[in-house]
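In what follows, a structure is listed as structure tokens, so that the remarks can point back to it.
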Amino acid sequence: MTVIAVKPYIFKRPKLNIKTKAAEPADLGDFEAHISKATVDPNVSIVTWQGGTPDSVFKDITDPDWSCSLELAQDITTAGALWDVLNSHVGETLHFTLTPNLSDTSASVAEFDVIGVPVGMGGQIGAVATSSGTLPVLGQPDFGAAA
508 MTVIAVKPYI FKRPKLNIKT KAAEPADLGD FEAHISKATV DPNVSIVTWQ GGTPDSVFKD
568 ITDPDWSCSL ELAQDITTAG ALWDVLNSHV GETLHFTLTP NLSDTSASVA EFDVIGVPVG
628 MGGQIGAVAT SSGTLPVLGQ PDFGAAA
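Residue numbers for the sequence shown follow this note's numbering, beginning at 508 and rising by one.
Here is the structure:
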């Protein structure tokens with residue numbers, strides 16, 4: 508059996524660009540300085556049916572749907588900060604381009620549309636205030652080569 512080499516990437520120096528998907532799209536900016544985590548993950552359910560005999564077990568999975576999870580600094584004073592963008596575009600379609608590592612020119616990028624969701628405010632005393640949000644992805648992300 509052939510041994511397949513592995514070359515994992517380190518999530519560092521990411522780039523997160525967000526655009527509106529309105530009739531006249533607007534580039535809302537690059538938000539890598541605002542995030543400490545960004546993932547795009549599939550959601551699937553395992554479906555099992557058990558008949559009346561041990562051999563009558565059938566398994567499958569549902570079609571995947573996707574979500575994007577973000578952890579971000581709460582910059583509540585800067586107009587156009589990621590916290591402001593998410594809270595100002597609730598329910599709107601936004602286009603995300605996520606590049607996990609700008610220093611790796613062979614790394615893939617993920618492009619996908621999400622529905623904007625609000626993120627919270629507040630936190631622990633004496634610590635940087637952060638928010639997290641999970642945005643539903645519309646359709647399947649496009650994992651392509653970095654431009």
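Cβ atoms here follow ideal geometry from the backbone N, Cα and C, with glycine treated the same way.
Taking a contact to mean a Cβ-Cβ separation below 8 Å, would you say residue i touches residue j in this structure?
i    : j    : result
A636 : Q581 : yes
L579 : R520 : no
V564 : Q557 : yes
V547 : C575 : yes
A652 : Y516 : no
I583 : K566 : no
Drop a sphere of 10 angstroms on the beta-carbon of residue i, count the other beta-carbons inside from all chains shown, and report buried for 16 or more, exposed for fewer.
i    : result
T555 : exposed
L593 : buried
T569 : exposed
T509 : exposed
G640 : buried
I525 : buried
T606 : buried
V513 : exposed
F549 : Checking the sequence shown, residue 549 turns out to be Pro, not Phe. So P549 counts as exposed.
P648 : buried
A588 : buried
Can you check which of these residues, the options, is closest to residue i by C-alpha distance?
i    : options                   : result
S638 : W590, I517 and P549       : W590
L642 : A533, F518, W573 and L535 : W573
S595 : V644, L535 and G559       : L535
Tell me whether residue i, by its Cβ, gets closer than 7 Å to a heavy atom of the ligand FMN.
i    : result
S615 : Summarising the ligand content, the structure contains no ligands, and the ligand FMN is consequently not present.
Stretch-stretch touch, CB-based, cutoff 8 Å, three pairs: the segment 599-606 with the segment 615-629: yes
Touching by the beta-carbon criterion (3+ pairs, under 8 Å), the segment 532-540 and the segment 624-633: no
Beta strand (DSSP E) segments (min. 3 residues) lying fully within the segment 547-600: Taking 3 residues as the minimum length, the beta strand (DSSP E) runs contained wholly in the segment 547-600 are 553-557, 564-568 and 572-580, in order along the chain.
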